[in-house]
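J.:
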Amino acid sequence: MKIAGNVQPNENENENLDSPRVDDDDDAHHLLDLDKFNENIRKQRTEAFQCLERQAKRNEKSSDQIHHPVEKSTSVRIPVPAVDRGRVKA
Numbered sequence: 001m002k003i004a005g006n007v008q009p010n011e012n013e014n015e016n017l018d019s020p021r022v023d024d025d026d027d028a029h030h031l032l033d034l035d036k037f038n039e040n041i042r043k044q045r046t047e048a049f050q051c052l053e054r055q056a057k058r059n060e061k062s063s064d065q066i067h068h069p070v071e072k073s074t075s076v077r078i079p080v081p082a083v084d085r086g087r088v089k090a
């Protein structure tokens with residue numbers, strides 16, 4: 001390293017000494033692993049979405065069997081569970 005004059009930084013000085021040097025083959029290998037990882041995430045999200053749709057259809061079918069269809073402008077009484085009620089001062 002030169003002390004006086006126009007000092008050009010050494011290529012080795014610019015490298016981060018804490019991080020190991022990775023070859024191009026290793027980079028490609030890591031990218032392939034990352035691609036597989038991302039593809040796996042996409043598949044799991046798609047499968048989860050499809051399972052939620054199936055669950056919603058099952059719940060809707062079950063609800064339709066319990067609650068009969070009503071005409072428009074018909075009043076309907078739905079009981080509110082005690083857990084969902086507010087406190088009543090007596």
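Mapping the sequence shown onto UniProt numbering, position 70 (from 1) lands on 70, and the numbers just tick up by one. C-beta atoms are modelled at their ideal positions from N, C-alpha and C, and glycine is treated no differently. As the structure is a prediction and not an experimental result, all values here were calculated from the model.
Tell me the rounded alpha-carbon separation between Ser62 and Ile41.
T.: 31 Å
J.: Looking at the structure shown, is Ile78 part of a helix, part of a strand, or coil, going by DSSP?
T.: coil
J.: Under a three-way DSSP split, which group does Glu39 fall into?
T.: helix
J.: From the DSSP output, in three-state form, read off Arg54 for me.
T.: helix
J.: So, under 8 Å CB-CB, Val70 and Val76 are touching, yes? Tell me the CB distance rounded to an integer number of Å.
T.: 6 Å
J.: State the Cα-Cα distance for the pair Leu34 and Glu47, rounded to the nearest angstrom.
T.: 20 Å
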